[in-house]
Amino acid sequence: MLLPEIKEREQRFTLALRMGLPIFALVLALISHTLITNYSSLETSFYVESLLLLAISTYFIFYLLYKGADVQIRDFASGAFTREYLEKYISNSLKKYDAYTLVLLRVENLSDINQQYGIQAGDRVLKQSVEWLVASLKKEKISNFPIGHFQGGDLILGLKGYKEQYQTVFELLSLKARDFKVEDIEVKISLSCVDTHYSHTLDFLFEKLLQTQEQEESIDPSHLEVMVIQAIKRKNFIIHTQAVFEQKSVIMQECFVKLHGENGKIIYPKTYIKVVQKLGLRLNFDIMVLQECVQKYQKSEITLAVNIAPSSLRNEKFVRSAQEILTQAGIKNIVFILAEEEYYSFTSRYNSIIKHLKSFGVAICIDRIGTYHASFLYLRELDIDMIRYDSYYSKEAKMQAHKSIIDGFHLMAEEKKLKTWIKNLQTQASLDMAQKSGIDFMQGKILANINEE
């Protein structure tokens, strides 16, 4: 048992004892007085009733105390509902109303406020954010709605009806939020909505609100999960390739994987990857994708480039499976493309895995250079073979505005004897600028379309 649980029980027992003593004293006084004044005429039933009274009083006190402590409705920091009670309240509302909207108010800079001004200031910001939102909606004649503290700087409220009827109100609130301050603290607030057109499942509605990127297609999440699981189970992969050039020669082919859902529906990576991650299928998915890519293109002499999750690559099962797949197919050259937002600090172990993969023909490319902080650290610390710039830098305007960044990474790559790679080149101007920067590998529509055979 954890120490907080032990202390909680001790405190509850102390409170129960303090509440119970007056009642016990009154009961004992009543029984004593009755015994003294009417001792000779008391029947046996009196003693039974006295014992029952004591037992029931004890049970009632402890039940009331423990049950009352378990039910906490209000979050003390924000003054809104607790997450548990909010979920219960909205879950009941979803059963009652077919049309229902959830709104997320996010205090984007709450973490910075806590660090700069202290946690108490962060609590004040949360509480006044709730008060500001409630007061603003009250002016629009919207009241008596549930609002709760979900996590961190996230506050969620529920409204009857679809989000279309509140669109104007929240556009106005978004404008007003730009000037919102608590004392001298600048508060950065963002608002987003989702309604039951998306799903009637509470968890999916919450997940949709908390996502930073929208899904490509509006598919009910429960149905999407079933579609993805079935597609993976049946290996309904659609694999396309796009050529990557070194000068005017094709140096490799990058593989792109889509899933073939029911009724001919195509599920794109932006949609299915989150589902695969959530269901814990990414490792097995990456092994299956690698196997399918190798089987489809094993007769080709061109090097394949396959996107692999870094977490999969660091798994012993994947390494063993990859070695077996590549050895059986006779593949001696393949590139694994890795993109990771969070830095994996055990780089010595990471490098030992990369060294083993290189022993049977795998080259490693770190993707999203110039955007993810982890990518820069990996460039510095991992024994990789190439880097690929984030597609943000592929447009002519961005390439020109951030030329120094591109040149800086290219210089670092040259010093470490790494190849550089840029994708999504759409125009001749962007291609010319990439060539002038000395980037080794080029990829994009201006050079070759995705092969969809």
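Residues in the sequence shown are numbered consecutively from 1, following this note's numbering.
Ideal Cβ placement from N, Cα and C applies to all residues, glycine included.
All figures in this text were calculated on a predicted structure; none of them were measured in a lab.
Judged by DSSP in its simplified three-state form, Arg106 adopts strand.
In the DSSP assignment, the residues bridged to Ala243 are Gln253. Excluding five sequence positions before and after Asn236, the CB atoms of its chain that fall closer than 7 Å to its own CB belong to Leu259, His260, given in chain order. Between the region 190–210 and the region 226–236, the count of Cβ pairs shorter than 8 Å is below three; the stretches do not touch. A contact is defined here as three or more CB-CB pairs under 8 Å, and the region 128–140 fails this definition with respect to the region 85–100. One Cα belongs to Pro221, the other to Phe204, and the distance between them is close to 6 Å. By the Cβ criterion, the region 171–190 is in contact with the region 98–107, since at least three pairs of Cβ atoms, one from each stretch, lie closer than 8 Å. Taken in chain order, the complete alpha helix (DSSP H) segments of 4 or more residues contained in the region 157–196 are 167–177. The three-state reading of DSSP puts Lys270 in helix, counting H, G and I together. Ala339 carries a coil assignment under DSSP once its states are collapsed to helix, strand and coil.
Closest by C-alpha distance to Ser321, out of Leu30, Ile446, Ser32, Val294, is Val294. Nearest in C-alpha terms to Gln328, of all of Gln298, Ser352, Ile354, is Gln298. The C-alpha of Ile308 is placed about 6 Å away from the C-alpha of Asp286.
In the three-state DSSP reduction, Tyr392 falls in the helix class (H, G or I).
Taken through DSSP and simplified to helix, strand or coil, Ile238 comes out as strand. The closest CA to that of Met252, considering only Ala374, Ala55, Gly444, is found on Gly444. For Lys419, no alpha helix (DSSP H) run applies; the uninterrupted beta strand (DSSP E) run containing it begins and ends at 419–422, by DSSP. For the set Ser430, Ala231, Leu126, Gln120, the Cα lying nearest the Cα of Asn263 is the one of Ala231.
For the 9 Å CB-CB criterion, Arg388 and Arg349 do not form a contact. Annotation for Ala413: the continuous alpha helix (DSSP H) segment containing it runs 403–415. Judged by DSSP in its simplified three-state form, Leu53 adopts helix. Counting along the chain, no alpha helix (DSSP H) covers Phe150; the unbroken beta strand (DSSP E) around it starts and ends at 147–151.
For Ala363, no alpha helix (DSSP H) encloses it; the enclosing beta strand (DSSP E) starts and ends at 362–369.
When only Cα atoms are considered, Thr420 and Ile366 end up about 10 Å apart. Cα atoms of Leu411 and Lys181: separation of roughly 44 Å, rounded to the nearest angstrom.
Assignment of Arg282 by DSSP, reduced to helix, strand and coil, places it in the helix class.
If you look at Asn307, you'll find it in the beta strand (DSSP E) that goes 303–307.
Three or more beta-carbon pairs separated by less than 8 Å are not found between the region 141–149 and the region 107–122, which leaves the two stretches without contact. Ile119 carries a helical assignment under DSSP once its states are collapsed to helix, strand and coil. Shown here for Ala99: same chain residues with a beta carbon closer than 8 Å to its own, the five before and five after excluded, namely Lys160, Gly161, Tyr162, Asp195, Thr196 in chain order. Annotation for Asn263: no alpha helix (DSSP H) segment contains it, and DSSP assigns it neither H nor E. Distance from the CA atom of Tyr47 to the CA atom of Ile31, rounded to whole angstroms, is 9 Å. In the assembly as shown, Phe60 is an exposed residue. Its beta-carbon has fewer than 16 other beta-carbons within 10 Å. If the five residues before and after Ala339 are omitted, its C-beta is found closer than 6 Å to the C-beta atoms of Asp367, Arg368, all from its own chain and listed in chain order. DSSP places Leu209 inside the alpha helix (DSSP H), whose first and last residues are 202–210.
Contact annotation: Ile156 and Leu110 have beta-carbon atoms that are not nearer than 9 Å.
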